[in-house]
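Here's the structure, in C-alpha cells; my notes come after.
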Amino acid sequence: MDEPILIIIRGNSGSGKTYLAKKVQNYYGTKRSFLIQQDIIRRDILHSDDHVGNISIELMTKMIEFGKQNYEITILEGILRKDVYSEMIEEAVNEFEGRALVFYLDISFEQTIKNNNKKEISFSTEQLKSWWREKDYLNDSDIVMNDSNEQLILKRVVELMI
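Heads up, the sequence shown is in this note's numbering, so the first residue is 1379 and it goes up one at a time.
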C-alpha cells in the first residue's frame, strides 16, 4: 500500500464492529494499522454524551489525521450515528482522497442481543433497544455487510483492500 487507507466500521451495539476492527488490525499488524474506537474515546476517556457537536468528534478527527500521517491503515470503529457523525466521516473520507472504505454492519437486532450476551460487560436488552438505529446508512457508497459470520466479513474486508 503506497498511500494511507481509512477503514470505517459502523453499526449498532453488538453488531461485531469492535471484534472486526481488532481482527483487521491483527491481520495487518499494529505497526501498520492504527485503531480508533469511538466508545473508548467518547465514553471512557472524555465521558461525553453522544450528541451533535460532542467533544469526541474533534479528538477523533485529530486522531484520524494522526493515523493518516503515521500509519498505512487507519481504522475507525463505532456506532457513529449518522445524525451525529456523518459530517466528520465525510470529511475524513475526503481527507483520504477516496482511499476509504466505509462498512456498515447491518446485523439483526436478535443477533446483536446474542453477540452482546457474549461480552464481558453486557448491556440490557432495553439499553440495546434504546440505542438501536435501523439501517443507519450514511449514503449509497456504504459497504453494507449483513452476514453474522465474522470470518466471512473479515475475509470480505481484506479482499476489498487488495
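Just so you know, even glycine gets a beta-carbon here, dropped at the ideal spot from N, CA and C.
When the Cα atoms are used, what is the spatial distance from K1401 to K1395?
Stepping through the sequence shown from its first residue, residue 1401 is reached at position 23. Stepping through the sequence shown from its first residue, residue 1395 is reached at position 17. Answer to the nearest angstrom: the Cα atoms are 10 Å apart.
So, is E1455 buried or exposed, given that buried needs 16 or more other C-beta atoms within 10 angstroms?
By 1-based counting over the sequence shown, the position of residue 1455 is 77. By the 10 Å Cβ count, E1455 comes out buried.
Going by beta carbon distance, what residues of the same chain come within less than 7 Å of W1510, once the five residues before and after it are set aside?
Taking the sequence shown and counting its residues from 1, one reaches residue 1510 at position 132. Only N1390, F1487 meet the Cβ criterion.
Do you know whose CA, among N1517, I1383, A1399, lies nearest R1459's CA?
Residue numbering aside, residue 1459 sits at position 81 when the sequence shown is read from its first letter. Answer by Cα proximity: N1517.
Within its chain, find whatever has a CB closer than 6 Å to the CB of G1342; leave out the 5 residues flanking it on each side and keep chain order.
Since the displayed the chain opens at 1379 and closes at 1540, residue 1342 lies outside it and no answer follows.
State the DSSP-derived secondary structure class of Y1515, mapped to helix, strand or coil.
Taking the sequence shown and counting its residues from 1, the one referred to as residue 1515 is at position 137. Note: Y1515 maps to coil in three-state DSSP.
With respect to the alpha helix (DSSP H) encompassing E1443, which residues constitute its N-terminal and C-terminal limits?
Taking the sequence shown and counting its residues from 1, one reaches residue 1443 at position 65. Element bounds for E1443: 1433-1448.
For F1487, which of helix, strand or coil comes out of DSSP?
Counting from one through the sequence shown, the residue named residue 1487 turns up at place 109. Three-state DSSP puts F1487 in a helix.
Taking the alpha carbon of K1440 as the reference point, which residue from R1421, I1414, Q1403 has its own alpha carbon closest?
As a working mapping, residue 1440 is identified with position 62 in the sequence shown. That would be I1414, whose Cα lies nearest to the Cα of K1440.
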